[in-house]
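Reading through the structure tokens given below for one structure.
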Amino acid sequence: MIGIGMAGLAALGGGWQPRGDAQQPGAHMSRGVAPASTADEVLVERAQAGDRDAFEDLVRRHADRLYAVVLRFTADPAEAEEVTQEAFLRAWRSIGRFEGRSQFFTWLYRIGINEAKRRAERRPAPGRVVSLEDEPAEEVADLRESPEARSEQGELRARLEQAIRDLPLDYRAPLVLRDVEGLSTAEAAAIMDLGEAAFKSRLHRARLAVRESIDQYLVEAADQ
Amino acid sequence: MSVLPERLQMKRDHRWARRRLSEYVDDELTPAERRRLERHADICPECGPLLRALTVTVFRLRQLRFRRPGSVAPRVIDRLRAEETRR
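Heads up: the protein sequence lines correspond to chains Z and U, in order.
Position in the first sequence (from 1) plus 1 gives the number in my numbering.
Position in the second sequence (from 1) plus 94 gives the number in my numbering.
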């Protein structure tokens, strides 16, 4: 038996929790005991009736996560924040037309990612290379690791972020949504308006490209 | 005697498996498909290492999720309120 895949990922310490996990970094949109989608539905209904407080609750639930996603498509954190604000403004203005055929966050992410892609395509030259490394991030240091190991992990993470940014936008989005953000294939494909087969094909190619970049880094690191 | 069919089978499995490595990592194969892919990856010098490399790559990508930039929600709300006032 090859002994990897889901079991292997769990053994590596990264148990896959696609949905419904708590409010930890990386958690999805759930809050309290109500499933995220149900709570969103209630808030969306109220927002559609003109309740701005309900829409602000939707902002609180989704803004930071959307920001983290668009940060990987924009030139810098300021532009990412602008895109996030723009996405919510558009969502608020057209909330009445949201028919609930998809989940709210699917709709919202589509607005945000399309806006980020539009701006990226208009940009004349590749933007400054920005990664989440540039942002203050909440992270618990693993004190079991030596400083050297932590530094290597930091370099590897930076290399990963760079490998993601080197991907063409149409390949970057599947990888960010599926692997980094942990959406399901169906959710991520819906955001990108792609069939699942086309989505999976792009995701696979993106993973291969990232893997190649990481391999190069590991070879270089071993040579030093 | 059976070498040729075995080679053909291996080739067929290889083509089939290469397109499904990511689905294996994502646990999106049926149990029978998983077994078929694992049997092939166990003996294929290309697919076995690639599958392990993909698994590790995806694991590392998932780790990035646990780094979160600061909160922007309050400023998004401020902007929404400002736009409302302007209208």
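All C-beta atoms, glycine included, are put in the ideal place defined by N, C-alpha and C.
For residue i, I'd like the list of residues in its chain whose CB is within less than 7 Å of its CB, leaving aside the five on either flank, ordered along the chain.
i       : result
A191(Z) : S103, T107
A135(U) : A111, C141, G142, L145
S165(U) : none
L131(U) : A111, R114, Y118, L123
D171(Z) : R203
S116(U) : L148
V177(Z) : V70, R73, I165
A88(Z)  : L67, L109, I112, G113, E116
E188(Z) : T107
R128(U) : Y118
Might you give, ordered along the chain, the residues of its own chain that have their beta carbon closer than 6 Å to the beta carbon of residue i, omitting 5 neighbours on each side?
i       : result
Y218(Z) : R160
S214(Z) : A164
Y110(Z) : I192
W93(Z)  : F56
Let me know if residue i comes out buried or exposed under the rule of 16 or more other beta-carbons within 10 Å of its beta-carbon.
i       : result
M193(Z) : buried
Q157(U) : buried
H205(Z) : buried
I137(U) : exposed
H63(Z)  : buried
R212(Z) : buried
V43(Z)  : exposed
Q86(Z)  : buried
P175(Z) : buried
D216(Z) : exposed
E46(Z)  : exposed
D120(U) : buried
T186(Z) : buried
G101(Z) : exposed
A79(Z)  : exposed
V170(U) : buried
E122(Z) : exposed
R159(U) : buried
V220(Z) : exposed
Looking only at its own chain, which residues have a Cβ that is under 8 Å from the Cβ of residue i, when we skip the five neighbours before and after it?
i       : result
R173(Z) : R73, F74, I165, R166, A207
P168(U) : none
M104(U) : H134, I137, C138
A210(Z) : A164, D167, L168, Y172
Q49(Z)  : I96, G97, F99
Check the Cβ-Cβ distances between residue i and every residue of chain C, and say whether any is below 8 Å.
i       : result
I215(Z) : Looking at the structure shown, chain C is missing, and the protein chains on hand are Z and U.
With a threshold of 7 Å (Cβ to nearest heavy atom), would residue i be considered close to the ligand ZN?
i       : result
C138(U) : The ligand ZN is absent from the structure shown, which contains no ligand whatsoever.
- Message: Report the start-end ranges of each beta strand (DSSP E) in the region 49-108 of chain Z that is 3 residues or longer and not cut off at the edges.
- Response: You should have found no qualifying run.
- Just by C-beta distance, which residues in the region 124-141 of chain U are closer than 7 Å to chain Z? Flagged, chain order: E132, A135, D136.
- Item | Proximal residues, the region 34-62 of chain Z versus chain U, C-beta separation under 9 Å | Per Cβ criterion, the list reads R53, F56, E57, V60, R61, R62.
- Task: Give, in chain order, every residue of the region 99-120 of chain Z whose Cβ lies closer than 8 Å to some Cβ of chain U.
- Result: For the region 99-120 of chain Z, which is checked against every Cβ of chain U, not one residue is closer than 8 Å.
- Residues within the region 177-189 of chain Z neighbouring chain U, beta-carbon criterion of under 7 Å: For the region 177-189 of chain Z, the beta-carbon criterion of a distance under 7 Å to any beta-carbon of chain U is satisfied by D180, V181, E182, G183, T186.
- Item | Chain-ordered residues of the region 85-99 of chain Z with a beta carbon less than 7 Å from chain U | Within the region 85-99 of chain Z, T85, Q86, F89, L90, W93 place their CB atoms closer than 7 Å to a CB of chain U, listed in sequence order.
- Item | Segments assigned alpha helix (DSSP H), at least 4 residues, entirely inside the region 122-173 of chain U | Fully enclosed alpha helix (DSSP H) runs of no fewer than 4 residues occupy 125-137, 141-158 of the region 122-173 of chain U, in order along the chain.
- Determine which residues of the region 200-212 of chain Z have a Cβ less than 8 Å from any Cβ of chain U, and write them out in chain order. Taking 8 Å as the Cβ-Cβ cut-off against chain U, the residues of the region 200-212 of chain Z that qualify are K201, L204, H205, R208, L209, V211, R212.
- Task: Enumerate, from N- to C-terminal direction, the unbroken beta strand (DSSP E) stretches of 3 or more residues contained entirely within the region 150-223 of chain Z.
- Result: Secondary structure within the region 150-223 of chain Z: not one fully enclosed beta strand (DSSP E) run of 3 or more consecutive residues is present.
- Message: Against chain Z, which members of the region 154-172 of chain U pass a CB distance test of less than 8 Å?
- Response: Cβ contacts with chain Z come from R154, L155, R156, Q157, L158, R159, F160, R161, R162, P163, G164, S165, V166, A167, R169, V170, I171.
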